[in-house]
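Remarks on the structure that follows.
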Amino acid sequence: MSSFLPLFPLDVVLLPGAPLPLHIFEPRYKEMIAECLKLKTMFGVVRAQENGLAGVGCTAEILTVTKEYEDGRLDIVTQGVNRFEVMEVNQERSFLQAEVFYLQDEPGSPSNQQLSRLLELHNEILQLAGAVPEQASVTADPQLSFRLAGALPLDLDFKQVLLGMRSEVERVEALTTYFENVLPKLRRTLHIRQKAGGNGHGT
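Numbering follows our numbering, in which position 138 of the sequence shown is assigned residue number 120; successive positions increment by one, without gaps.
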């Protein structure tokens, strides 16, 4: 189905299920967010690029307003919900709107082995960063790829590609390959830091 959606272009890629705190200060976006809060509707977060907007974005649900300022600025916490393709941009309002087409995944699920491998790699990255690893139960999430990718500061170009993929199997494979490529660098970096911190001479 298509619908008219207010857009918030940002230098981020919002994934379904991922949190996104925002500071709203521009008049046009104060207007947009006030409207969304009043009507209890979502807005679309789409990556702003040098040559315009990315073709695929993600709707954001406003979970809470954490602070209201006297001048009308707002601090809000949002969460990604549904992916959409931008069909046509409309500039009649102070903020951008777009005719969008909501994306659905193709049928098919990754194997338990694929999910376990992805989680193993993800948890190693978390451990290297000193963070708490995810529990094995998260593999039951039908969109595990978005959950794991949204929890890490991944390359924006890669996240944009991931957002546009129409298959969880394809996303799990892509994310597994991505993790396998970045982990050796992370291990080397941590090893160098540990050596340097051991005696101050890096030996």
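Virtual Cβ for every residue (Gly too), placed ideally from N, Cα, C.
Cβ pair residue i, residue j closer than 8 Å
i: E70; j: F83; result: no
i: G146; j: V38; result: yes
i: R75; j: C40; result: no
i: Q(-11); j: L78; result: According to the sequence as given, residue -11 is Leu; it is not Gln. Result yes, Cβ atoms of L(-11) and L78 sit closer than 8 Å.
i: S148; j: L85; result: Residue identity differs from the one stated: residue 148 is Arg in this sequence, not Ser. Their beta carbons are under 8 Å apart, which means R148 touches L85 by this criterion.
i: L144; j: T121; result: no
Pairwise C-alpha distance: residue j and residue i
i: G90; j: V151; result: 7 Å
i: P92; j: R99; result: 11 Å
i: L(-3); j: L110; result: 23 Å
i: D57; j: M14; result: 14 Å
i: D87; j: L103; result: 24 Å
i: E155; j: G(-1); result: 19 Å
i: Q96; j: E52; result: 51 Å
i: L138; j: T158; result: 16 Å
i: L2; j: I44; result: 9 Å
i: G112; j: N105; result: 10 Å
i: K141; j: N163; result: 15 Å
i: S119; j: F161; result: 20 Å
i: P166; j: R175; result: 14 Å
i: D123; j: R10; result: 36 Å
i: G179; j: H173; result: 10 Å
i: N94; j: L134; result: 22 Å
i: V(-5); j: Q31; result: 11 Å
i: K177; j: L4; result: 39 Å
i: S(-16); j: R153; result: Here S(-16) scores only 44 on pLDDT, less than 50, and its place in the model should not be relied on; the value that follows carries that caveat. About 25 Å.
Residue environment, residue i, which counts as buried when at least 16 other CB atoms sit within 10 Å
i: G193; result: In this structure the chain extends from -17 to 185, so residue 193 is not present and cannot be described.
i: T171; result: exposed
i: F(-14); result: exposed
i: L126; result: buried
i: A42; result: buried
i: R169; result: exposed
i: A80; result: buried
Option in the options with minimal Cα separation from residue i
i: I6; options: E32, C40, C18; result: C18
i: T60; options: V47, P166, Q95, D(-7); result: V47
i: K12; options: V38, G37, A42, E50; result: E50
i: L(-8); options: A36, D123, A16; result: A36
i: L136; options: P115, I107, Q117, E116; result: I107
i: E8; options: G54, Q117, K177; result: G54
Review point. Does the segment 112 to 130 come within contact of the segment 23 to 36, defined as at least 3 CB pairs closer than 8 Å?
Key: no
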